[in-house]
Amino acid sequence: MENLVVWTLYFFSFYAFLPAFISRTFGFRVFKKGLVKKEIALTFDDGPDAVYTPKLLELLARYDAKATFFIVGAHGEAHPELLRKIHEEGHTLGIHNYVHRTNWFMRPRSVKRQIERTCEIIREATGSRSNYYRPPWGIINVFDFAGIGHLQIVLWSSMFGDWNKRLGAERLKRKMLKKLRPGEVLLLHDCGQTPGAHHEAPAHMLVALEAYLQEGRKQGFRFVAIEEMIKLTERAKERQLSWWKKSLITLWLQYERVFHFLFQLKQVGEDSPPAFYYRTIAYSGQPIELADGQRLNKGDRVVELHFDNRKLSGIAAEAATPLAAGIRMLREVEAALPMLASQLAHDPAAVEAKALYGITMIHQGADRFGFEVFPLPNGLFARTTRIYLRLLMRVLTKKQRNKKSKQRRKALDPCLLLMPMSKMQAYQNMHAALLRVSSGQEANLHKTQTAAVDSVSVDGSTSAI
Numbered sequence: 072m073e074n075l076v077v078w079t080l081y082f083f084s085f086y087a088f089l090p091a092f093i094s095r096t097f098g099f100r101v102f103k104k105g106l107v108k109k110e111i112a113l114t115f116d117d118g119p120d121a122v123y124t125p126k127l128l129e130l131l132a133r134y135d136a137k138a139t140f141f142i143v144g145a146h147g148e149a150h151p152e153l154l155r156k157i158h159e160e161g162h163t164l165g166i167h168n169y170v171h172r173t174n175w176f177m178r179p180r181s182v183k184r185q186i187e188r189t190c191e192i193i194r195e196a197t198g199s200r201s202n203y204y205r206p207p208w209g210i211i212n213v214f215d216f217a218g219i220g221h222l223q224i225v226l227w228s229s230m231f232g233d234w235n236k237r238l239g240a241e242r243l244k245r246k247m248l249k250k251l252r253p254g255e256v257l258l259l260h261d262c263g264q265t266p267g268a269h270h271e272a273p274a275h276m277l278v279a280l281e282a283y284l285q286e287g288r289k290q291g292f293r294f295v296a297i298e299e300m301i302k303l304t305e306r307a308k309e310r311q312l313s314w315w316k317k318s319l320i321t322l323w324l325q326y327e328r329v330f331h332f333l334f335q336l337k338q339v340g341e342d343s344p345p346a347f348y349y350r351t352i353a354y355s356g357q358p359i360e361l362a363d364g365q366r367l368n369k370g371d372r373v374v375e376l377h378f379d380n381r382k383l384s385g386i387a388a389e390a391a392t393p394l395a396a397g398i399r400m401l402r403e404v405e406a407a408l409p410m411l412a413s414q415l416a417h418d419p420a421a422v423e424a425k426a427l428y429g430i431t432m433i434h435q436g437a438d439r440f441g442f443e444v445f446p447l448p449n450g451l452f453a454r455t456t457r458i459y460l461r462l463l464m465r466v467l468t469k470k471q472r473n474k475k476s477k478q479r480r481k482a483l484d485p486c487l488l489l490m491p492m493s494k495m496q497a498y499q500n501m502h503a504a505l506l507r508v509s510s511g512q513e514a515n516l517h518k519t520q521t522a523a524v525d526s527v528s529v530d531g532s533t534s535a536i
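In the numbering used here, the protein residues as written are 72 to 536.
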């Protein structure tokens, strides 16, 4: 018997108490308060009511206030005309179960049926499905987090006990005015027919609410439906995250400048920012056989490439995904390779180098430029490099939520890039050809300008335009 009691407590803790505690205390997977400047969300539970809901709608219309009505399905089924009126006047309809029964004492399948039936009642009355759900008494079981489909769970930031007639309109008004603050999600009731409520209590709520709306209007507040409150909050959070991310990028780029100075990395070309930097080091990895027959051994000299993170950050700000950012970065590399080849040909430190060398997550398509792609050997270095580069991409690129995230992570897994120095000769020739073309274009432009100057003469003198 003792074991049965213990296991029953364990079950209810996991099924009911812990999910309710986590959602109410920490806001896990629920919306309960806005992050806004001048908006307040009014929400009304348990209706619609044939007596009080029409009066409430009239009051809201007088103050140009929008609200959210979490209806009990059975009440909405009895008064579809009120659901249509709520919808037509620009308010939002949410689900409060078909009957006012706690989710703790219902199986997950029963909760789902209650929600679906109420959602269908709303759809039949208004032509639109509801996107919002508030469980009775705000009590959630563990399956509600995953079992309610597209619905957003909405709780509240302020509750006043307005279902109790003994509270009275004056005391209720004083309690409500203390919560006249931006971002509040107020829980009120437009029906007194549910267990524990008094059928005359909504009359006191209407008196207190009018005083609240009057004072709110004086102070410049807007009363909005939960839909708008959520959208405004999401935008505010994005702005906060953007500020945090910009600060982190700035710190990261400062670290990169220090790294370049300490290890004396050389810039490729004169563009600012460049595509990458390089330095000459001794190879410290495992022996690798290259395609041209050379063998790269530990201690051999290599030219180590470093992408410029300022360039990557600018590209990432415009790219839709990390993969798209990587593709654009590779194009920058392709354009910079001829300049790199010319620079290395005149760099005494690179004379003995056997290969170009780099570790990067941006390796898709690198073989087209002459690079050979190798997976990093398993070990501590590979794990730490993977963590560092993924963290770097998270900081510098946009966050993506996608069902194919596992495939994307695999596509962006860091790899070792190597290119034999013999292949750089082709890029050096390309750079020389580009210089000849550029010099020819400049010469032609100079000839054209000279001819134009010679053709303009006033009283035997020339003038340049």
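Note that CB positions come from ideal geometry on N, CA and C, so glycine has one too.
Quick check on residue i: does DSSP put it in helix, strand or coil?
{"i": "Glu187", "result": "helix"}
{"i": "Tyr459", "result": "helix"}
{"i": "Leu361", "result": "coil"}
{"i": "Lys337", "result": "strand"}
{"i": "Thr139", "result": "strand"}
{"i": "Leu415", "result": "helix"}
{"i": "Ser476", "result": "With a pLDDT of 45 at Ser476, under the threshold of 50, the modelled position of this residue cannot be trusted; read the value that follows with caution. In the structure shown, Ser476 sits in a helix (DSSP, three-state: H, G or I)."}
{"i": "Arg178", "result": "coil"}
{"i": "Gly232", "result": "coil"}
{"i": "Pro446", "result": "strand"}
{"i": "Arg172", "result": "coil"}
{"i": "Arg366", "result": "strand"}
{"i": "Phe101", "result": "The question names Phe, yet the displayed sequence has Val at residue 101. Here Val101 sits in strand by DSSP."}
{"i": "Asp193", "result": "At residue 193 the sequence reads Ile, which differs from the Asp that was named. It is helical."}
{"i": "His146", "result": "helix"}
{"i": "Gln435", "result": "coil"}
{"i": "Ser318", "result": "helix"}
{"i": "Ala420", "result": "helix"}
{"i": "Ile211", "result": "coil"}
{"i": "Tyr134", "result": "coil"}
{"i": "Ala119", "result": "Going by the sequence as given, residue 119 is Pro instead of Ala. Coil."}
{"i": "Ser355", "result": "coil"}
{"i": "Val107", "result": "coil"}
{"i": "Pro344", "result": "coil"}
Tell whether a beta-carbon distance below 7 Å holds between residue i and residue j.
{"i": "Thr197", "j": "Arg155", "result": "yes"}
{"i": "Asp120", "j": "Asp261", "result": "yes"}
{"i": "Phe294", "j": "Ile142", "result": "no"}
{"i": "Ala279", "j": "Lys244", "result": "yes"}
{"i": "Leu164", "j": "Ser201", "result": "yes"}
{"i": "Gly105", "j": "Gly209", "result": "no"}
{"i": "Arg543", "j": "Leu333", "result": "Summary: the structure shown does not reach residue 543, with the chain confined to residues 72 through 536, and so no result is reported for it."}
{"i": "Phe292", "j": "Lys109", "result": "yes"}
{"i": "Pro206", "j": "His171", "result": "no"}
{"i": "Thr139", "j": "Ala282", "result": "no"}
{"i": "Ile192", "j": "Tyr204", "result": "no"}
{"i": "Ala421", "j": "Val374", "result": "yes"}
{"i": "Glu423", "j": "Arg372", "result": "yes"}
{"i": "Trp234", "j": "Ala272", "result": "yes"}
{"i": "Arg366", "j": "Ile386", "result": "no"}
{"i": "Gly161", "j": "Lys137", "result": "yes"}
{"i": "Pro448", "j": "Cys486", "result": "no"}
Counting only C-beta atoms, is residue i closer than 7 Å to chain C at any point?
{"i": "Met276", "result": "The structure shown contains no chain C, having only a single protein chain."}
Which partner residues does residue i have in the DSSP bridge list?
{"i": "Leu427", "result": "Val374 and Met490"}
{"i": "Gln223", "result": "Tyr203"}
{"i": "Arg350", "result": "Glu375"}
{"i": "Leu164", "result": "Phe140"}
{"i": "Val295", "result": "Ala112"}
Any beta strand (DSSP E) of 3 or more consecutive residues that is wholly inside the segment 242–292: 256–260
Count the CB pairs spanning the segment 488–495 and the segment 434–445 that are closer than 8 Å, and state whether there are at least three.
yes
Please confirm if the segment 408–423 is in contact with the segment 320–340, defined as three or more CB-CB distances below 8 Å between the two stretches. yes
Closer than 8 Å is the cut-off here; do at least three beta carbon pairs connect the segment 313–332 with the segment 371–387?
yes
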